[in-house]
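*Asks:* Using UniProt numbering, read the sequence shown as starting at 1 and increasing by one per residue.
Where a beta carbon is used, it is the ideal one built from N, C-alpha and C, also for glycine.
Here the structure is a predicted model, which is why all the values come from computation and not from measurement.
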Amino acid sequence: FYYISDHFFNELKNKTTYLYKLAEDIASDDTYTPVNVAERLSAILNESLQQFQSMSSEVFKLIDKAHKVSPVYQRTQPLARPTIGMMLCDYKTTNFSLRAGQQVIVLDNNMPTPSTSSDEIATASTQTGTSTTTTTTTGTQCPCKRQPPSPSNQDLLAGSSVTDDSTSYTEDTECSTYDVSHSSGPVTCSSTTCMQREARMWKVRTPDSSVMISVPSVCIWLCETDRQAIDHSFQLAEYFVKVWADLLDYWLVGLVNMFSRVFVSMEEAKYIHVESQAVLNQLFEELERAFPGRQTGQINQKFTEILAKLRRRIRTQQQGSASSRDVRITTIEVAKYRKVLRQFGSDAVAMSSKINVMTGVELRLQQGDGGSTECKSSLFWQRY
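1) Less than 8 Å between the CB atoms is what I'm expecting for V241 and M358, so what's the real figure, rounded?
2) Taking all protein chains shown into account, decide if M351 is buried (16 or more other Cβ within 10 angstroms of its Cβ) or exposed.
3) Is there contact here, the segment 77-97 with the segment 49-64, by at least three beta-carbon pairs under 8 Å?
4) For the segment 300-311 and the segment 340-348, state whether three or more C-beta atom pairs, one from each stretch, are separated by less than 8 Å.
5) Can you give me the C-alpha to C-alpha distance between E286 and S5, rounded to a whole angstrom?
6) Does the beta-carbon of M212 have 16 or more other beta-carbons within 10 angstroms, so that it is buried, or is it exposed?
7) Give the straight-line distance between the Cα atoms of D108 and V218, rounded to the nearest whole angstrom.
8) With a 10 Å radius around its C-beta and 16 neighbouring C-beta atoms as the bar for buried, classify A237 as buried or exposed.
9) By Cβ distance, which residues of its chain are closer than 7 Å to A23, with the 5 residues on each side in sequence left out?
10) Using DSSP with H/G/I as helix, E/B as strand and the rest coil, what is G101?
11) Roughly how many whole angstroms lie between the Cα atoms of L98 and N110?
12) Hey, how far is the Cα of F291 from the Cα of A245?
13) If you draw a straight line from the alpha carbon of G185 to that of Y18, how long is it in whole angstroms?
14) So, under 8 Å CB-CB, K15 and Q74 are touching, yes? Tell me the CB distance rounded to an integer number of Å.
15) Under 8 Å, do M266 and V349 count as touching if we go by C-beta distance?
16) Terminal residues of the continuous alpha helix (DSSP H) containing K203?
17) Report, in whole angstroms, the separation of the C-beta atoms of G85 and I230, which I expect to be a contact under 8 Å.
18) Closest to E224 by C-alpha separation, out of K68, K13, E11, would be which residue?
19) Determine whether the beta carbon atoms of V243 and Y91 lie at a separation below 8 Å.
20) Would you mind sorting P34 into buried or exposed? The rule is 16 or more other CB atoms within 10 Å of its CB.
21) My output table needs one value for K92: the three-state DSSP class, helix, strand or coil.
22) Given L12, which residues of its chain have a CB within under 7 Å of its CB, disregarding the five upstream and five downstream residues?
23) If the criterion is Cβ atoms closer than 8 Å, does the pair Y337 and L248 meet it?
24) Considering only the alpha carbon of each residue, which of N36, N356, Y2 lies closest to V262?
25) Need the endpoints of the beta strand (DSSP E) that R328 sits in, please.
26) Quick check: the Cα distance between D25 and R312, rounded to an integer number of angstroms?
27) According to DSSP, V274 sits in a beta bridge with which residue or residues?
28) Looking at the unbroken alpha helix (DSSP H) that takes in L247, where does it start and where does it end?
29) Excluding the 5 residues preceding and the 5 following V334 in the sequence, name in chain order all residues of the same chain whose CB lies nearer than 6 Å to its CB.
30) I need the straight-line Cα distance from K339 to Q235, nearest angstrom please.
31) For D226, does the count of other Cβ atoms within 10 angstroms reach 16, so buried, or fall short, so exposed?
32) Please name the residue in S209, T76, Q53, Q317 whose C-alpha comes closest to that of R200.
33) So what does DSSP say about L222, is it helix, strand or coil?
34) Pick helix, strand or coil for P34, following the three-state DSSP scheme.
35) Can you tell me where the alpha helix (DSSP H) holding T17 begins and where it ends?
See the structure below:
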């Protein structure tokens, strides 16, 4: 998870740096006409929206993956509170029994190791596929036992015993594991649930508090989410939102500067030649809707005042002799301005809605995450 997160962070940083550089190149190059700026901005917005949609999906995947990270380190650290667990196999004592898949509440995972002379004898049985696995535990000893070889694997299981550091296993015993590593040499158990190598007992109880018992830790799966991984995914999501919000502001500044250059050239012109008055009026109306003056601040108000002034001038101007200071506004040019304005508006709405959804999911998960989540038999934490 952390490797994927680091890779995503570096990818996000590289892509946003590239998009910033493209916008800076346009803003710093005075050779670009407003029409050229509109074309370049349109291309950048199209590319950035695709990048945003792709990377926002990755953010959601990372948040979901963070809730599926199993905090293995918690098995060796004292629990701060009772934690939900699930039995991986049947566990029986003289008076009590727990079945595989049964939910339990782990009360203490830091109990002192019982002595090997303990009188308690526990039997753990696991039913997997066509074989029944039985493990007898005296104190904390949980020997791995091997089944007699079947006809299909007779040639693979050679030798009469399996030797551990402290325990010998004979031919007539059975293996209490999900997985056995077969080779031409000695047969050994590869699953951590096969042998109780950790000499640790956990104190657990059933959800209805009818049974309270000490169980070998290897028999229990902790159904707990990794809070560190979840917090890390939220930090990435917050960084992602901040980066793209800053990019939107940066592109908005570039868009305003582009239209400012257009308006300045029109104000300084001796006469404004308009190919289509109706098309230009449509652009002015779209700009007024995009930058409502009195609702969003002084800059937008000044912007709308300039639009109103240009409208009056174009409507009342009288044509004189041709001059080098005249400005010609073609229909194609106006169409490009309208295209980039609409594209920015639609992209900003799409990004803002996705950011709001992402923020809402983050808050919902932060508020809803807790110890009440049921542990599923698939051993995966499922988001509700």
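*Replies:* Let me lay it out:
1) The sequence position of residue 241 within the sequence shown is 241, counting from 1. The sequence position of residue 358 within the sequence shown is 358, counting from 1. That pair is a contact at about 7 Å.
2) By one-based count along the sequence shown, residue 351 stands at place 351. Per the 10 Å Cβ criterion, buried.
3) no
4) no
5) In the sequence shown, the residue the question calls residue 286 occupies position 286. In the sequence shown, the residue the question calls residue 5 occupies position 5. The alpha-carbon atoms of E286 and S5 are separated by roughly 41 Å.
6) Residue 212 sits at position 212 when you count from the first residue of the sequence shown. M212 comes out exposed.
7) Taking the first residue of the sequence shown as position 1, residue 108 is located at position 108. Taking the first residue of the sequence shown as position 1, residue 218 is located at position 218. Each residue's Cα considered, the two are about 14 Å apart.
8) Working through the sequence shown from its first residue, we reach residue 237 at position 237. Buried, since its Cβ has 16 or more Cβ neighbours within 10 Å.
9) In the sequence shown, the residue the question calls residue 23 occupies position 23. These residues qualify, in order along the chain: I44, Y250, W251, G254.
10) On the sequence shown, residue 101 is found 101 positions in, with the first residue counted as 1. Residue state, collapsed to three classes: coil.
11) Stepping through the sequence shown from its first residue, residue 98 is reached at position 98. Stepping through the sequence shown from its first residue, residue 110 is reached at position 110. Computed Cα separation, rounded: 21 Å.
12) As a working note, residue 291 is residue 291 in the sequence shown. As a working note, residue 245 is residue 245 in the sequence shown. Cα-Cα distance, rounded: 18 Å.
13) On the sequence shown, position 185 is the one that residue 185 refers to. On the sequence shown, position 18 is the one that residue 18 refers to. The pLDDT assigned to G185 is 41, lower than 50, so where the model puts this residue is not dependable, and the model offers no usable value.
14) Sequence index remark: in the sequence shown, residue 15 carries index 15 (1-based). Sequence index remark: in the sequence shown, residue 74 carries index 74 (1-based). So it is not a contact: roughly 36 Å between Cβ atoms.
15) On the sequence shown, position 266 is the one that residue 266 refers to. On the sequence shown, position 349 is the one that residue 349 refers to. Against a cut-off of 8 Å, the Cβ pair of V349 and M266 comes out as no contact.
16) Mapped onto the sequence shown, residue 203 falls at position 203. No alpha helix (DSSP H) contains K203, which is instead part of the beta strand (DSSP E) from 201-205.
17) For the purposes of this step, residue 85 is taken as residue 85 along the sequence shown, with counting starting at 1. For the purposes of this step, residue 230 is taken as residue 230 along the sequence shown, with counting starting at 1. The pair is not a contact, with the Cβ atoms about 19 Å apart (cut-off 8 Å).
18) Reading the sequence shown from its first residue, position 224 is the one you call residue 224. Minimum Cα distance to E224 is reached at K68.
19) Taking the sequence shown and counting its residues from 1, one reaches residue 243 at position 243. Taking the sequence shown and counting its residues from 1, one reaches residue 91 at position 91. Against a cut-off of 8 Å, the Cβ pair of Y91 and V243 comes out as no contact.
20) The residue given as residue 34 occupies position 34 in the sequence shown. Its Cβ being crowded by 16 or more others within 10 Å, P34 is buried.
21) Taking the sequence shown and counting its residues from 1, one reaches residue 92 at position 92. Strand, per DSSP.
22) Here residue 12 refers to the residue found at position 12 when the sequence shown is read from its first residue. Within the same chain, L12 has close Cβ partners M55, F240, V243.
23) On the sequence shown, position 337 is the one that residue 337 refers to. On the sequence shown, position 248 is the one that residue 248 refers to. Not a contact, by the Cβ cut-off of 8 Å.
24) Residue mapping note: residue 262 aligns to position 262 of the sequence shown, counting from 1. V262 has its Cα closest to that of N36, out of N36, N356, Y2.
25) Your numbering for residue 328 matches position 328 in the sequence shown. That run of the beta strand (DSSP E) goes 327-329.
26) Taking the sequence shown and counting its residues from 1, one reaches residue 25 at position 25. Taking the sequence shown and counting its residues from 1, one reaches residue 312 at position 312. Near 35 Å, if we compare the C-alpha coordinates of R312 and D25.
27) Your numbering for residue 274 matches position 274 in the sequence shown. For V274, which the question treats as bridged, DSSP gives the partners I329.
28) Taking the first residue of the sequence shown as position 1, residue 247 is located at position 247. Segment 227-268, the alpha helix (DSSP H) holding L247.
29) Here residue 334 refers to the residue found at position 334 of the sequence shown. Contacts found: V279, L280, L283.
30) As a position in the sequence shown, residue 339 is number 339, starting the count at 1. As a position in the sequence shown, residue 235 is number 235, starting the count at 1. Approximately 35 Å between the Cα atoms of the pair.
31) Counting from one through the sequence shown, the residue named residue 226 turns up at place 226. With 16 or more Cβ atoms within 10 Å of its Cβ, D226 is classed as buried.
32) Numbered from its first residue, the sequence shown carries residue 200 at position 200. Minimum Cα distance to R200 is reached at T76.
33) In the sequence shown, counting from the first residue as 1, residue 222 sits at position 222. L222: strand per DSSP, three-state reduction.
34) The residue labelled residue 34 in the question sits at position 34 within the sequence shown. Correct three-state label for P34: helix.
35) Indexing the sequence shown from 1 puts residue 17 at position 17. From DSSP, the alpha helix (DSSP H) with T17 extends over 2-28.
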